[in-house]
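In my numbering, the protein residues as written are 477 to 655.
To start, the structure under review is shown below, and the notes come after it.
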Amino acid sequence: MANSSKEEKKNNVIKVLNQARAMELHAISQYMNQHYNLDDMDFGELAGKVKLIAIDEMRHAEMFAERIKELGGEPTSDLADKVSKGQNVNQIFPFDSTLEDNTIDVYNGYLEVCRQNGDSITMKIFETIIDEEQIHLNYFDNIGGHIKNLGDAYLARIAGTSSATGLGTSGFAVSGNQA
Ligand code: FE
Ligand code: FE
């Protein structure tokens, strides 16, 4: 279609925004489930970080919703996938790395859809969020690597640490946790 109407273009962008929002809503529930588990297993520090990342995903879901509303769409409340429950500490971090890696790939595709439909504002939103997903991916890779390479020695060091996050509204990515 060489000359799709303005309305069609807008709807194409709303569609990918809602697919992305559903992925964020899934990530929020997935990471909340994990931080409760990590807290139960007494890995407080890991629980606290995963909680902050869940809060980043909520900001993302809201950023997508605000843009959907601006474009005249209706933000979805569906989750893109089912929450995987009862993961142990060895499973959580590789699982989350895969999730973030996949999200970055998908969002890069959506960025391209925005470009094709002439929406540079939504492109910027995807660019900002992709940067933050990369920060999440780096953290999950880092911790997954420690657990894989150091195993019990690493986990013993984390056991009994505090899960306090000094919770503000800034989540993980924008509060300097990536350093
Ligand atoms: Fe996100
Ligand atoms: Fe993320």
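All C-beta atoms in this analysis are idealised placements derived from N, C-alpha and C, irrespective of residue type, glycine included.
Heavy atom of ligand 2 within 7 angstroms of Y604 beta-carbon: Per the sequence shown, the amino acid found at residue 604 is Thr instead of Tyr. Flag unset: Cβ of T604 not near ligand 2.
Nearest-angstrom Cβ-Cβ length linking A657 and R497, presumed shorter than 8 angstroms: One cannot answer for residue 657 here, as it falls past the ends of the chain, which runs 477 to 655.
Beta-carbon proximity of E588 to L613, cut-off 8 angstroms: no
Inter-residue Cα distance where the pair is N618 and I490: 34 angstroms
Cβ neighbours of F602 in the same chain (closer than 7 angstroms, five flanking residues each side left out): Y583, Y586, L587, C590
Nearest residue (CA-CA) to I605, options L501, Y512, Q510, D532: D532
Segment limits, alpha helix (DSSP H) that includes N593: Looking at the DSSP string, N593 is not in any alpha helix (DSSP H), and its letter there is neither H nor E.
Whole-angstrom distance between T637 and H502, CA atom to CA atom: 27 angstroms
Residue nearest to N653 in terms of C-alpha spacing, selected from R633, L626, Y615, G620: Y615
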